[in-house]
Ligand SMILES: [Zn+2]
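Numbering (this note's numbering), first residue to last: 718 to 1198.
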């Protein structure tokens, strides 16, 4: 008995010695696991997480290596597609040499080759966008999480000290109790004509997606917009329009014009997420951001310029479609182009809109964290957000995430902030159903797809061996090209 107690004591002593003889390792999960958590979880876990500066450094280096490897993988994928396309074009050349006119059989082979080329071209384009846009966004998101984890405890302490020292209102727009009567940016009424002119001009250019006509969704979005407007610094009437567009975005024009895309409503999961984006856009109006920009150029000038920049960034010139088509057929969304114009000129404007948006959502009784939740969810989505323009225009830079949390912490506490509502869920379900039904209808507008019935074409059997595979080294036509 005694010996066993002694044994236990020796083991305990040995453990404590081992414990002391090694430097304390952090008990938190590895950083590679932490960056998979949501911003809100990281905020909680950051207190007492205990990672060393060295651990952060080496994980940042690892991220940089992973990002490069992922880009290299996508570049290889793109090149492979390119090679396949080249080979298919050679098959076409062989086909063209066979006879002057196509037999029925040859015509089918030709259509199938066309279809396969078009499919591969579009996959090649996706791969390129993922490499140039999606990968940097996904990795920036991880880096922003690291920054939050590393910097938040000190930030939170600083804010706590400022609040107890009576300095909470010393920050920019710190007078949140005065929302609605304070002066954010005087002269909003001067922007009404500017906004109306811009809309007319854009409509004349055919740049506007169709308006959503149906009442249930329109009434609800108007109700949300009104709720936010009366809790904001807006001094002019807010005119809200729902646009029928898949783009996950909303945008504002000067003079109180707010546009909300059906794609955004369909993609948000709670009312506070939708409110977050709408409040951000209303802030662009109250702070007169676009009006400040438009002094330099006409709206058409801004759009065309931004669309060209966007087309270059997003497609890398892979598809040679013009600006007009890009906008017209939703390849680039209007919101994307407008916000890119804003962002290109001033990151400061985005920063202001983030802060004011959080304040308005809070004042209206909503959980302002909805904005971050949506941000996070979309940025970590599969497929590198190639279809989500909100993140091309609102990249999750660490500094923006940090300053949004800073604002959230400064705000006076409020009970029962609303995250979701039954009405939101009902309206969203209704919208999703209507959109699905609409998709089944034949498309009214022209389409960019040159071969709309490819899926059917590719299913048709072709007599075996009719297409002769070219022997690449001897391909005379390839060399002549
Ligand atoms: Zn913005």
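Glycine is no exception: its CB is placed at the ideal position from the N, C-alpha and C atoms.
Item	Value
Residue 975 vs residue 955 beta-carbon contact at 8 angstroms	yes
Inter-residue spacing [alpha-carbon to alpha-carbon] between residue 750 and residue 759	11 angstroms
Contact between the region 1118-1138 and the region 1072-1082 (3+ Cβ pairs under 8 angstroms)	yes
Beta-carbon proximity of residue 763 to residue 869, cut-off 8 angstroms	yes
Start-end ranges of the alpha helix (DSSP H) lying completely within the region 876-936, minimum 4 residues	908-921
Exposure label - residue 966; buried when at least 16 CB within 10 Å	buried
8 angstroms Cβ cutoff met for residue 791 and residue 844	yes
Beta-carbon gap between residue 1007 and residue 946 smaller than 8 angstroms	no
For residue 823, the first and last residue of its enclosing alpha helix (DSSP H)	821-846
Any non-hydrogen atom of ligand 1 within 7 angstroms of residue 1067 CB	yes
Counted within 10 angstroms of its Cβ, other Cβ atoms place residue 926 as buried (16 or more) or exposed	buried
One or two residues paired with residue 969 in a DSSP bridge	975
Simplified DSSP assignment, three categories, for residue 1083	strand
CB of residue 1088 within 8 angstroms of CB of residue 1149, strictly	no
Residue 859 in three-state terms, based on DSSP	helix
Contact test: residue 1155 Cβ vs ligand 1 heavy atom, cutoff 7 angstroms	no
Close Cβ partners of residue 747 (< 6 angstroms) along its chain, the five nearest in sequence each way excluded	none
Environment of residue 950 [buried if 16+ CB atoms lie within 10 Å]	buried
Strand pairing of residue 958, partner residues [DSSP]	976
Proximity test, residue 996 beta-carbon vs ligand 1 heavy atom, cut-off 7 angstroms	no
Bounding residues of the alpha helix (DSSP H) (the contiguous stretch that carries residue 951)	From DSSP, residue 951 is part of no alpha helix (DSSP H); its letter is neither H nor E.
Anticipated Cβ contact below 8 angstroms, residue 1140 with residue 982, distance rounded	With 8 angstroms as the limit, residue 1140 and residue 982 do not qualify as a contact, their Cβ atoms being about 12 angstroms apart.
Euclidean distance between Cα positions of residue 811 and residue 837	20 angstroms
7 angstroms CB neighbourhood of residue 1177 in its chain, flanking five on each side removed	825
Cutoff 7 angstroms; reference residue 1175; Cβ partners in own chain excluding five residues on either side	829 and 832
Straight-line gap, residue 901 to residue 784 (C-alpha atoms, nearest Å)	41 angstroms
Straight-line gap, residue 777 to residue 860 (C-alpha atoms, nearest Å)	7 angstroms
Closer than 7 angstroms: residue 1008 CB and nearest ligand 1 heavy atom	no
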